[in-house]
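Position 83 of the sequence shown, counting from 1, maps to 215 under my numbering, and the rest follow consecutively.
Glycine included, each C-beta is placed from N, C-alpha and C at the ideal position.
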Amino acid sequence: FKFIPQGADAYLFRHILHDWSDEDACQILKVCRKSMKPDSKVLIVETVIPEGNGPCFGKWLDLMMLVIGGKERSGKQYQTLLESAGLRLNNIIPTDAEISIVEAVAV
133 FKFIPQGADA
143 YLFRHILHDW
153 SDEDACQILK
163 VCRKSMKPDS
173 KVLIVETVIP
183 EGNGPCFGKW
193 LDLMMLVIGG
203 KERSGKQYQT
213 LLESAGLRLN
223 NIIPTDAEIS
233 IVEAVAV
(Lines of atoms letter the chains of each structure in order from A and count residues from 1; the text may use other names and numbers.)
(Lines give C-alpha, C1' and ligand atoms only; values in the text may rest on other atoms or scores of the structure.)
Protein backbone atom coordinates (compact mmCIF):
# COMPACT_ATOMS: atom_id res chain seq x y z
CA PHE A 1 0.00 0.00 0.00
CA LYS A 2 2.81 2.38 -0.81
CA PHE A 3 2.15 3.99 -4.19
CA ILE A 4 -0.73 4.90 -6.49
CA PRO A 5 -0.08 7.06 -9.59
CA GLN A 6 -0.76 10.73 -8.99
CA GLY A 7 -3.18 13.11 -10.64
CA ALA A 8 -5.84 10.80 -12.10
CA ASP A 9 -9.39 12.03 -12.60
CA ALA A 10 -10.74 8.85 -11.03
CA TYR A 11 -9.43 5.90 -9.05
CA LEU A 12 -11.35 2.64 -9.47
CA PHE A 13 -11.35 -0.13 -6.87
CA ARG A 14 -13.41 -3.09 -8.08
CA HIS A 15 -13.81 -5.98 -5.64
CA ILE A 16 -10.66 -4.87 -3.80
CA LEU A 17 -11.60 -3.33 -0.47
CA HIS A 18 -13.83 -6.22 0.62
CA ASP A 19 -10.68 -8.38 0.74
CA TRP A 20 -9.24 -6.27 3.56
CA SER A 21 -9.93 -5.35 7.17
CA ASP A 22 -11.02 -1.80 7.96
CA GLU A 23 -7.46 -0.91 8.99
CA ASP A 24 -5.90 -2.18 5.76
CA ALA A 25 -8.67 -0.77 3.56
CA CYS A 26 -8.19 2.60 5.26
CA GLN A 27 -4.45 2.47 4.54
CA ILE A 28 -5.14 1.72 0.85
CA LEU A 29 -7.53 4.68 0.67
CA LYS A 30 -5.09 7.00 2.48
CA VAL A 31 -2.40 6.24 -0.10
CA CYS A 32 -4.97 6.93 -2.82
CA ARG A 33 -6.00 10.19 -1.14
CA LYS A 34 -2.39 11.44 -1.18
CA SER A 35 -2.27 10.90 -4.96
CA MET A 36 -5.59 12.60 -5.75
CA LYS A 37 -6.13 15.99 -7.34
CA PRO A 38 -8.67 18.22 -5.56
CA ASP A 39 -11.36 17.21 -8.08
CA SER A 40 -10.48 13.50 -8.36
CA LYS A 41 -13.05 10.84 -7.51
CA VAL A 42 -12.73 7.41 -5.96
CA LEU A 43 -15.10 4.79 -7.34
CA ILE A 44 -15.52 1.63 -5.29
CA VAL A 45 -17.42 -1.20 -6.97
CA GLU A 46 -18.54 -3.60 -4.24
CA THR A 47 -21.59 -5.15 -2.67
CA VAL A 48 -23.12 -2.65 -0.25
CA ILE A 49 -25.10 -4.36 2.49
CA PRO A 50 -28.45 -2.65 3.14
CA GLU A 51 -29.39 -1.67 6.68
CA GLY A 52 -31.74 -3.98 8.55
CA ASN A 53 -32.13 -7.71 8.92
CA GLY A 54 -33.70 -8.57 5.59
CA PRO A 55 -32.22 -11.21 3.31
CA CYS A 56 -29.35 -10.02 1.15
CA PHE A 57 -26.77 -11.80 -1.01
CA GLY A 58 -24.11 -9.46 0.40
CA LYS A 59 -24.58 -10.94 3.86
CA TRP A 60 -23.59 -14.36 2.50
CA LEU A 61 -20.55 -12.79 0.87
CA ASP A 62 -19.71 -11.16 4.19
CA LEU A 63 -19.54 -14.60 5.82
CA MET A 64 -17.21 -15.85 3.08
CA MET A 65 -14.96 -12.78 3.36
CA LEU A 66 -14.70 -13.33 7.11
CA VAL A 67 -12.59 -16.43 6.41
CA ILE A 68 -9.82 -14.35 4.79
CA GLY A 69 -10.09 -11.33 7.07
CA GLY A 70 -12.16 -9.16 4.76
CA LYS A 71 -15.75 -7.96 4.95
CA GLU A 72 -18.65 -6.56 3.01
CA ARG A 73 -19.74 -3.14 4.26
CA SER A 74 -22.93 -1.15 4.64
CA GLY A 75 -23.29 2.42 3.43
CA LYS A 76 -22.64 3.70 6.96
CA GLN A 77 -19.52 1.54 7.23
CA TYR A 78 -18.25 2.93 3.92
CA GLN A 79 -18.92 6.46 5.16
CA THR A 80 -16.88 5.83 8.31
CA LEU A 81 -14.08 4.12 6.37
CA LEU A 82 -13.88 6.92 3.81
CA GLU A 83 -13.89 9.65 6.46
CA SER A 84 -11.03 7.97 8.30
CA ALA A 85 -9.02 8.12 5.05
CA GLY A 86 -9.68 11.81 4.37
CA LEU A 87 -12.48 11.21 1.88
CA ARG A 88 -16.18 12.03 1.81
CA LEU A 89 -18.92 9.68 0.66
CA ASN A 90 -20.58 11.49 -2.24
CA ASN A 91 -23.02 8.90 -3.54
CA ILE A 92 -23.91 5.21 -3.58
CA ILE A 93 -25.16 4.26 -7.02
CA PRO A 94 -27.13 1.00 -7.17
CA THR A 95 -26.89 -1.23 -10.24
CA ASP A 96 -29.05 -4.04 -11.59
CA ALA A 97 -26.50 -6.53 -10.22
CA GLU A 98 -25.64 -7.32 -6.59
CA ILE A 99 -23.04 -4.53 -6.56
CA SER A 100 -23.12 -0.78 -6.16
CA ILE A 101 -20.74 2.02 -7.05
CA VAL A 102 -19.59 3.96 -4.02
CA GLU A 103 -18.43 7.42 -5.10
CA ALA A 104 -16.11 9.43 -2.85
CA VAL A 105 -14.32 12.76 -3.15
CA ALA A 106 -11.45 14.40 -1.32
CA VAL A 107 -12.22 16.38 1.81
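Inset, instruction - Would you mind stating whether residue 236 and residue 173 have Cβ atoms separated by less than 8 Å? - result: Yes, the Cβ-Cβ distance between residue 236 and residue 173 is below 8 Å.
Inset, instruction - Starting from the Cα of residue 171, find the closest Cα among 148, 142 and 179 and give me that residue. - result: Out of 148, 142 and 179, 142 has the C-alpha closest to the C-alpha of residue 171.
Legend entry - CB of residue 196 within 8 Å of CB of residue 203, strictly: No. Outside cutoff.
Inset, instruction - Kindly indicate the opening and closing residues of the alpha helix (DSSP H) around residue 166. - result: In the DSSP assignment, residue 166 falls within the alpha helix (DSSP H) that extends over 154-167.
Inset, instruction - Locate the beta strand (DSSP E) running through residue 97, then write down its first and last residues. - result: The structure shown has nothing for residue 97, since the chain only spans 133 to 239.
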